[in-house]
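Student: So that we are looking at the same thing, I have put the structure below in structure tokens.
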Amino acid sequence: MKHDARLSIKVADQTIQGTLLAPEKLIPGILFIHGWGGSQEQDLKKAEEIAQLGCLCFTFDLRGHAATEPQRLEVTRSDGLADVVAAYDFLVNQEMVDRSAIAVVGTSYGG
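Numbering-wise (my numbering), the sequence shown opens with residue 183 and increments by one.
If you want it as structure tokens, here you go:
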């Protein structure tokens, strides 16, 4: 295990100190995309199991789902694609992720 960075986190009007630790070697990244009418909740169990095998997993809610469900009738396919690209970019930009080992798991509309 290597020490990546000592960091400070603002909490209200205080600052707490921390150390971010990452593995020495890069690990695979896996992006989970839920189906229409679903949410990231349906993928969390699978993602947790795969993370225990040594992968960095990222689940997210597409716009118009979960907390933003009231927007569902306004969301376009372009919005959905933009959400997926943003989630992918977030995942591959994590320092511990091996950019040559990315998997995308999608169900229904997310696949």
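Every residue, glycine too, gets a C-beta built ideally from N, C-alpha and C.
Suppose you measure from the CA of Val267 to the CA of Glu231; what does that come to, to the nearest Å?
Tutor: One-based indexing of the sequence shown puts residue 267 at position 85. One-based indexing of the sequence shown puts residue 231 at position 49. When rounded, the distance between both Cα atoms is 24 Å.
Student: Enumerate in chain order the residues of its own chain whose CB-to-CB distance from Cys239 is below 6 Å, with the five nearest sequence positions on each side excluded.
Tutor: Here residue 239 refers to the residue found at position 57 when the sequence shown is read from its first residue. The answer, listed in chain order, is Ile212, Ala229, Ile232 and Ala233.
Student: Between Phe272 and Thr241, what straight-line distance do the alpha-carbon atoms span, to the nearest angstrom?
Tutor: In the sequence shown, the residue the question calls residue 272 occupies position 90. In the sequence shown, the residue the question calls residue 241 occupies position 59. Their backbone Cα atoms lie some 11 Å apart in a straight line.
Student: For Pro252 and Ile284, what's the separation of their Cα atoms in angstroms?
Tutor: For this step, residue 252 is matched to residue 70 along the sequence shown. For this step, residue 284 is matched to residue 102 along the sequence shown. So the two alpha carbons sit approximately 32 Å from each other.
Student: I'd like to know if Glu206 contacts chain D, where contact means its C-beta is closer than 9 Å to some C-beta of that chain.
Tutor: In the structure shown, chain D does not exist; there is a single protein chain.
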